Amino acid sequence: MGAAARDMSAAASCSGLPGLCLILVVALLREAADAICCNQAKDNLMCRDACEQILSSKSVSRKSDGWVGLGCCELAITAECRRACKQASSTNDISKACRKQYETALISCINRNEMGSVCCGYAGRHTNCREYCQAIFRTDSSPGPSQIKAVENFCASISPTLVQCVNNYTQSYPMRNPVDSLYCCDRAEDPGCQSACKRILMSKKTEPEIVDSLSEGCTKPLPQDPLWQCFLESSRAAHPGVNIAPPPSTGLDVAELHCCSKANSSKCRDLCTKLYSTSWGNVHNWQEFDFVCEYNPLEASMLTCLADVREPCQMGCRNLTYCTNFNNRPTELFRSCNAQSDQGAMNDMKLWEKGSIEMPFMNIPVLDIKKCHPEMWKAIACFLQIKPCHGKSRGSTICKTDCVEILKKCGDHSKFPEGHTAESICELLSPSDENEDCIPLDTYLKSSPLDTVTEEVTHPCNPNPCPANHLCEVNRKGCIPGEPCLPYFCTQGCKLGEASDFLVQQGVPIQVPSGGVGCYKICTCGQSGTLENCMEVQCVDLQKTCIVDGQRKNHGTSFKVDCNICTCIAGTLRCSNRQCLSSEDDRSMFTGLPCNCADQFVPVCGHNGRTYPSACIARCVGLLDHQFEFGLCSSKDPCNSNPCSRNQRCVTKRQVCLTSYEKFGCVQYECIPRQQKCEHSLDPVCDTENTEHINLCTLNQRGKQLSYKGLCQPFCKSAESICGHNGETYPNVCSAYSDRVAVDYFGRCQEVGIFSDLRLHAECASVQCPESPTLGCKPVTPPGACCPLCAGVLRILFDKIKLDSYAKATKNTPITVLDILQKIRLHISVPQCDVFGYLSLESELVILVVPIDSNPKAIQIEACNKEAEKINSLINSDSPTLASHVPLSALITSEVQISTTLNSESNSLSITINYLYLNIIIALLCLFLNR
């Protein structure tokens, strides 16, 4: 009798004791049962005999080329545990390296998958049945009724034993509340059946029990019977799609699968794909990946990408009790600043004290680290666990000089592997001393200089205060008076794969890999917490190259052509539209504007919703004469032609579209039902009479005109007009911030801003800028602006063709600048910084990360700089952190310029930045505005 058959014999024999027998079967599958456990079934001799039979055989079905826990290994907290898991052949093999109190997620995943391997093994070669079965066990949430029903539909005729096995696992999860279907009992024609039906629904809890009892007390299930029709329809209503569930739409971890395309070698790309696709991989694959790829400097792009998925860089570190030198660093990025990693560093030190540091490719013998520079070893252990990361490269590697120094001093050279020296070992572990590629260890040999300083930089989402499967979002909306107010929101999310901890927002379109390299599909994170409604998009040929000046450029490569930033995308060159100075002889005629247009401010409004300083510039960016009209876009009334029906109200909705307006339109209004029912949700807006409304729906229902989104500000009622960085004139600063546009100067827009340092003409001659900061910050001037400010400035090239494909896949909805800004804003974790932006005249997205305080401290300016550098790096590396989100995946490449902070005598010194009263307004607005 085979092991799997014996297991199922136990499951069948214990059917009379569902709760107890489920425990017994799970225990047997975990290899944790003993005679005492089997004696718990003393009242059911058949069940006890079957239990003891399995126990005596000590056999749990496994494939010879691996074991079912492999898909769970990435859930391990410590590196030692993860490595032991990958190399194990059973659960018992990892018990020594993995501390159960810290590795609960790993142990739970392994136990669940072991039981799943037995159940799903009965599917044989029937792929659909096996996939539906595996979907039950590849999630840590309760199996849904649609999943359970799908197993019954696809597997009942193939393997009743499989269905019974799954039922043993799922029977403790009620499919729905039976009382909700009481009204169906009145549909029965027989009064006796009506009474029996109500009695059954009130007393039975699971659907199988209900179905069996109704079959006995009423008629056999017939589709045409009114009682059964009602009962089944109510089940579908409670659980949509209960008849047939779609196959699992994602593999083990599609976020990590996205990283596989970044492998430098085909070998590592293939291994990576095997490990993170729908297969569970095997021991050999994991070991080979660790040995060949995990520490290979040539695979830095793929490895950094994988690190972003597993542990994204987050600002700030605090509350560590062992690695205390890593505390109080609010402007530094870390991957794993938490209690588990703190404990992991202590455990590492205990292991190293035994005289050896175990690596996948070698063991490094060391002297007694309790005597040989113990503080340096402690810093290394904490470094490897807490994982500080650069804002630009996001690397977590110790510099080669530090590695060589510690191994020369404390390495046991007599026991080094043959042919190896401290230098050769460090060449594998830390191959660089470049600032962009490594982090010097001496930073963490001493405590933070901010230990005694309280600064105004907070991190409400680090560590994540939200429940499992929930995303943390910084609260920038404020709170309803009288209600509890937290600095963050918790929103339900979806995992990108059965073994993934990477979450995405509910209700938003998500891009995930599909099939071969370069192929993707767009899905939606549904209410059930899973990806659904997936739609394939056109594949990208990543093998196509671009020829530039006789040189071949690979897909994704970014470079400069003259002064323009360019990227090769699947054989097509995408470049910005900057005007370059070709020779010194042209300097006198050089305007710095696109197409060398004249410096004249005669604005026109494009059909994409963007105001251009002149018709020449509008034509330069590709607009035809019939696609723009003279005047500012803000001066046009899109509702003047009464475009809405009688029962609708026309409301102005200004937007700048990045997609092709010929295909998807770019209307500047929306039609609102006049009698719509409004929800009591907080999203305050202010009307033109300076009256505040709880949300936009309420304002529209009352027939008022929107002035700006956010709380009403008294000074905006009579404030003078301002010019935004986008060249658009706004009636007040509040209106500009409502569109997420920062203020350039007071008064109407009257000049074309600065674009080039090489320009000879006097820019912005008639503009009086707010007083520039004189202490603490070296400001920057955004492209097209007249006045400098303290901020991180990103200039981003985007793929319009990709945006068009996304718009087509999402109900032909145009994608706007505001869509991008709102998504980027979610990735800014410091509430003291906010995001603004616009479409530049050079066909780039310009995004500003600005400190919101009126007199920002140096540390706040630095925090905003780090946030800008982080976003810049994520874009340039095509990290899943951003690339999983539509439309951020269309951002190709980025350049960042930061307003560097100047040295001051004290880190707590407040920076006096007198922007007249403009920044005071900015501070107040950014604290309360929603948009």
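For the sequence shown, the positions run 1 to 931 when the numbering used here is used. Ideal Cβ placement from N, Cα and C applies to all residues, glycine included. None of these values were measured; they are calculated from a predicted model.
Taking the alpha carbon of residue i as the reference point, which residue from the options has its own alpha carbon closest?
i	options	result
residue 788	809, 764, 806	764
residue 801	633, 748, 892, 836	892
residue 493	514, 458, 530, 519	530
residue 714	323, 387, 692, 189	692
residue 111	542, 73, 124	73
residue 879	342, 847, 393, 852	393
residue 569	543, 560, 550	543
residue 450	781, 331, 348, 343	331
residue 314	727, 333, 296	333
residue 338	387, 308, 293	387
residue 448	318, 123, 406	318
residue 710	740, 159, 853	740
residue 664	743, 594, 806, 719	806
residue 120	166, 98, 157, 108	166
Using 10 angstroms around the beta-carbon of residue i, count the other beta-carbons present and answer buried if the total reaches 16, otherwise exposed.
i	result
residue 578	buried
residue 674	exposed
residue 589	exposed
residue 547	exposed
residue 748	exposed
residue 676	exposed
residue 812	exposed
residue 942	Residue numbering for the chain in the displayed model covers 1 to 931; residue 942 lies beyond these limits and cannot be assessed.
residue 289	buried
residue 816	buried
residue 316	buried
residue 819	buried
residue 881	buried
residue 376	buried
residue 8	Here the model assigns residue 8 a pLDDT of 40, short of 50, so the residue's position is not dependable and the matter cannot be decided.
residue 125	exposed
residue 396	buried
Please go through the same chain and pick out, in chain order, the residues whose beta-carbon is closer than 8 Å to the beta-carbon of residue i, but skip the five residues on each side of it.
i	result
residue 508	524, 525, 885, 886
residue 515	539
residue 409	372, 373
residue 400	426, 427, 430, 431, 432, 433, 438
Ordered along the chain, which non-local residues of its own chain (more than five positions away) have a Cβ less than 6 Å from that of residue i?
i	result
residue 752	599, 601, 613
residue 489	473, 475
residue 155	129, 162, 163
residue 564	575, 576, 578
residue 627	607
residue 716	732, 734
residue 273	260
residue 240	Confidence in residue 240 is poor, its pLDDT being 41 and thus under 50, which makes the residue's placement too unreliable to answer from.
residue 82	73, 76
residue 215	none
Since I believe residue j is in contact with residue i (beta carbons under 8 Å), could you give me their beta-carbon distance rounded to a whole number of angstroms?
i	j	result
residue 311	residue 336	5 Å
residue 650	residue 669	5 Å
residue 671	residue 633	With a Cβ gap of about 20 Å, residue 671 and residue 633 do not count as contacting.
residue 790	residue 856	7 Å
residue 658	residue 826	Rounded, the Cβ-Cβ distance is 18 Å, inconsistent with contact.
residue 889	residue 304	That pair is no contact at about 17 Å.
residue 849	residue 868	4 Å
residue 306	residue 277	Contact doesn't hold; Cβ gap of about 14 Å is too wide.
residue 506	residue 491	6 Å
Near residue i, which residues of its chain fall below 7 Å by C-beta distance, leaving aside the five closest residues on each side in sequence?
i	result
residue 901	776, 777, 858, 861, 862
residue 639	650, 652, 669
residue 404	422, 423, 426
residue 629	604, 605
residue 797	565, 567, 574, 576, 844, 892, 893
residue 32	For residue 32, the predicted structure reports a pLDDT of 38, less than 50, and the residue's modelled location is therefore unreliable. A value from the coordinates is still provided. No residues qualify anywhere along the chain.
residue 597	591, 614, 616, 617, 620
residue 486	475
*Between the segment 686-696 and the segment 834-852, are three or more C-beta pairs nearer than 8 Å?*
Result no; under three Cβ-Cβ pairs closer than 8 Å.
*Is there contact here, the segment 460-467 with the segment 410-421, by at least three beta-carbon pairs under 8 Å?*
With the cut-off at 8 Å, the segment 460-467 and the segment 410-421 do not touch.
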